[in-house]
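Each remark here refers to the structure printed beneath this line.
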Amino acid sequence: MHYEKAYYIGTHHYSFRCEEAAEIIGVEMIQPKESDDWRACYRVKYADGKEDLCPVAEHANYKIVRAGDVRLSLTQKENAVVSNTGANTKT
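Per this note's numbering, the sequence shown runs over residues 1149 to 1239.
So, in structure tokens, the structure goes:
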């Protein structure tokens, strides 16, 4: 049996840090308000150390990928955007 870290990637354009991979560091049950039902959430951690809770949902705008499938770090993604827009001023 093989194990690999799992990453959460929000795919909706309104997702927090859309298309940025965050390591799933746990699953927790939360109850936002006492009148609300309990719900499962992924606890995720981004490369810069920021943590967030993301609801586990059957029909959601996210994907879960293994570490080997995470292709771009935040820095690489930003550099790709700059290069594609022609705004790169480095010589």
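Note that beta-carbon positions come from the ideal geometry of N, C-alpha and C, so glycine has one too.
Go ahead and label residue i buried or exposed: buried means 16 or more other beta carbons lie within 10 angstroms of its beta carbon, across all protein chains shown.
| i | result |
| --- | --- |
| GLY1158 | buried |
| TYR1151 | exposed |
| VAL1175 | exposed |
| GLU1167 | exposed |
| THR1239 | Model confidence at THR1239 stands at a pLDDT of 46, short of 50, so the residue's coordinates are unreliable and nothing is read from them. |
| THR1162 | Looking at the sequence provided, one finds Tyr at residue 1162 rather than Thr. Exposed: under 16 other Cβ atoms inside 10 Å. |
Quick check: the Cα distance between residue i and residue j, rounded to an integer number of angstroms?
| i | j | result |
| --- | --- | --- |
| ALA1170 | TYR1155 | 5 Å |
| TRP1186 | ALA1205 | 13 Å |
| GLN1210 | HIS1160 | Gln is not the amino acid found at residue 1210; the sequence shown has Tyr there. TYR1210 and HIS1160: Cα-Cα distance of roughly 7 Å. |
| LYS1198 | SER1183 | 28 Å |
| ASP1217 | LYS1193 | 17 Å |
| ALA1195 | HIS1207 | 26 Å |
| ILE1212 | MET1149 | 19 Å |
| ARG1214 | LYS1181 | 33 Å |
| LYS1153 | PRO1203 | 19 Å |
Compare the Cα-Cα distances from residue i to each of the options and report the closest residue.
| i | options | result |
| --- | --- | --- |
| ALA1188 | MET1177, CYS1202, HIS1207 | MET1177 |
| ARG1165 | LEU1201, LYS1153, ALA1215 | LEU1201 |
| ILE1173 | PRO1203, ARG1191, VAL1213 | ARG1191 |
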